[in-house]
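Report on the structure given below.
2 protein chains.
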Amino acid sequence: MSAGDYESRWLAPDVNAVWTRFLHVTHRLEHHIDRRLQEQHGITHTQYEILVRLADSDERAMRMSDLAESIVTAKSAVTYQINKLSEMGLVSRKKCGRDNRGIWVHLTEDGAERLEHAAPCILSLVRELFLDAINCDQAAELDKLLGTWSDNLDEHDRNPIGPPEHAGPQAA
Amino acid sequence: MSAGDYESRWLAPDVNAVWTRFLHVTHRLEHHIDRRLQEQHGITHTQYEILVRLADSDERAMRMSDLAESIVTAKSAVTYQINKLSEMGLVSRKKCGRDNRGIWVHLTEDGAERLEHAAPCILSLVRELFLDAINCDQAAELDKLLGTWSDNLDEHDRNPIGPPEHAGPQAA
DNA sequence: ATAGGATTGTTCGAATTCGAACCAGCCGTC
DNA sequence: GACGGCTGGTTCGAATTCGAACAATCCTAT
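Listed in order, the protein sequences are those of chains C and E. Numbered according to our numbering, the first sequence terminates at residue 173, and the numbering increases by one at each position without gaps. Numbered according to our numbering, the second sequence terminates at residue 173, and the numbering increases by one at each position without gaps.
Structural data, given as structure tokens:
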């Protein structure tokens, strides 16, 4: 099983392993964080992410759509979560004058407080699990990779059929 | 790592960015693949993963538990999915003599065929989105990173309170 | 001004996931 | 050989997600 002689439809085993491992690890990371967050702070990872994004924004506010894109989920899911967070009092909706259909979601004082409370816990987790493993060079490298992946995804989103160079093995 | 003057509770902004980006990209990847798989082959990414694991196993069969661990989801979710796949005829359950409570899930001929059909499409996607971005050295580097992350997770699973060195900033 | 088309956020039903409770079968010890 | 503890799978209800359909609003070109 050497590397070079694989049909283009298959992945060389070593490369395949990297991909599999990638999936495995990302899922585990996700679960681990989610679990800890729920047990210790009573919020989901998605909810936490929403609070973070809000806190990082100017005015501590964001539009629903931007939130959806930033979290990478369907708009309807954001509506659902904002309802939840709103009931919890961590977030509040306000109309924005400029665009009458748009809605600004604001981080409330309670929300900010809850975040302050939860962040150290989860950040230390991220550090221990994820960041302590990488030094400066690796971080830069990883960041570059992430950038490329992101660009690839952009490319694919613009041109759903796939890059023309490959002439697309799509099972039409 | 860098920027030494941050409170230990917070992450230096650049490092934070890497983490955020990581989440963003992994989610997008997941969605993209899932979507394509559903549109073009009528199966979920989880289902596809299950088929792959089965195909890669000896005898093309696996136990439910192993499957659950391999896919990183709750056992109940596996039961659900295997029911689905079973209805579709891509998979079949068989008792194993040795352990009377255990169940072997086999990949059927139809399942193998369906996989053969779907794999090239999704693999080319993985290649384009994920693998083309990295050369051999980077792949090795990434693999090492994945290994470390995996080990960290193992460590945490064994010792849920977190590594003793940090004395744990848990918000009790 | 206005029609056509895009964008914003919500609602709805279907699919999927999770965790806890549960039953059945295995295993070590007495 | 029976007992208590473990493990493997399933069932159940709750939570969350998605995509499609919808209503309101904005924007652009005429």
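Every residue, glycine too, gets a C-beta built ideally from N, C-alpha and C.
- At a Cβ-Cβ threshold of 7 Å, Leu-55(C) and Leu-91(C) do not count as neighbours.
- Residues of the region 133-146 of chain E with a C-beta atom less than 8 Å from some C-beta of chain C are Asp-133, Ala-134, Ile-135, Gln-139, Ala-140, Glu-142, Leu-143, Asp-144 and Leu-146, listed in chain order.
- If you compare the alpha carbons of Trp-11(E), Pro-14(E), Val-19(E) and Leu-12(E) with that of Lys-145(C), the shortest gap goes to Val-19(E).
- Ser-93(E) is bridged by DSSP to His-107(E).
- Among the residues facing chain E, Asn-160(C) is not included, as its CB has no counterpart in that chain under 7 Å away.
- The beta-bridge partner set that DSSP reports for Arg-64(E) consists of Trp-105(E).
- Using beta-carbon distances, Val-92(C) does not count as an interface residue toward chain E, since no partner is under 7 Å.
- By the CB criterion at 7 Å, Glu-50(E) and Ile-72(E) fall inside the cutoff.
- For Leu-38(C), the uninterrupted alpha helix (DSSP H) segment begins and ends at 14-42.
- Residue range 46-57 is occupied by the alpha helix (DSSP H) that includes Leu-52(E).
- Under the Cβ distance rule, Val-16(C) counts among the residues neighbouring chain E, one pair being separated by less than 7 Å.
- The beta carbon of Leu-68(E) sits closer than 6 Å to the beta carbons of Val-79 from its chain, once the five residues preceding and following it are set aside; these are given in chain order.
- Chain-order list of chain E residues neighbouring Val-127(C): Leu-12 and Trp-20, by C-beta distance under 8 Å.
- Interface residue (Cβ-Cβ distance to chain C less than 7 Å): His-46(E) is not classified as such.
- Between Met-65(C) and Ile-104(C), the CB-CB gap stays under 7 Å.
- With 16 or more other CB atoms across the displayed protein chains lying within 10 angstroms of its CB, Ala-134(C) is buried.
- Taking 7 Å as the cut-off, the Cβ atoms of Leu-12(C) and Leu-52(C) do not count as close.
- Restricting attention to Asn-153(C), Lys-85(C) and Glu-40(C), the CA atom closest to the CA of Leu-126(E) is found in Asn-153(C).
- Listed along the chain, the chain E residues whose CB falls inside 8 Å of the CB of Leu-30(C) are Trp-150 and Leu-154.
- For Thr-149(E), the uninterrupted alpha helix (DSSP H) run begins and ends at 137-159, by DSSP.
- Under the Cβ distance rule, Val-73(E) counts among the residues neighbouring chain C, one pair being separated by less than 7 Å.
- Under the three-state reduction of DSSP, Val-127(C) is assigned to helix.
- Rounded to whole angstroms, the separation of the alpha carbons of Lys-95(C) and Thr-21(C) is 44 Å.
- Using beta-carbon distances, Val-26(E) counts as an interface residue toward chain C, with a partner under 7 Å.
- The beta carbon of Lys-85(C) lies closer than 8 Å to those of Gln-48 in the same chain, with the five residues before and after it left out.
- Contact of Leu-130(C) with chain E is assigned, a C-beta pair being separated by under 7 Å.
- By the C-beta density criterion, Gly-148(E) is exposed, having fewer than 16 other C-beta atoms within 10 angstroms.
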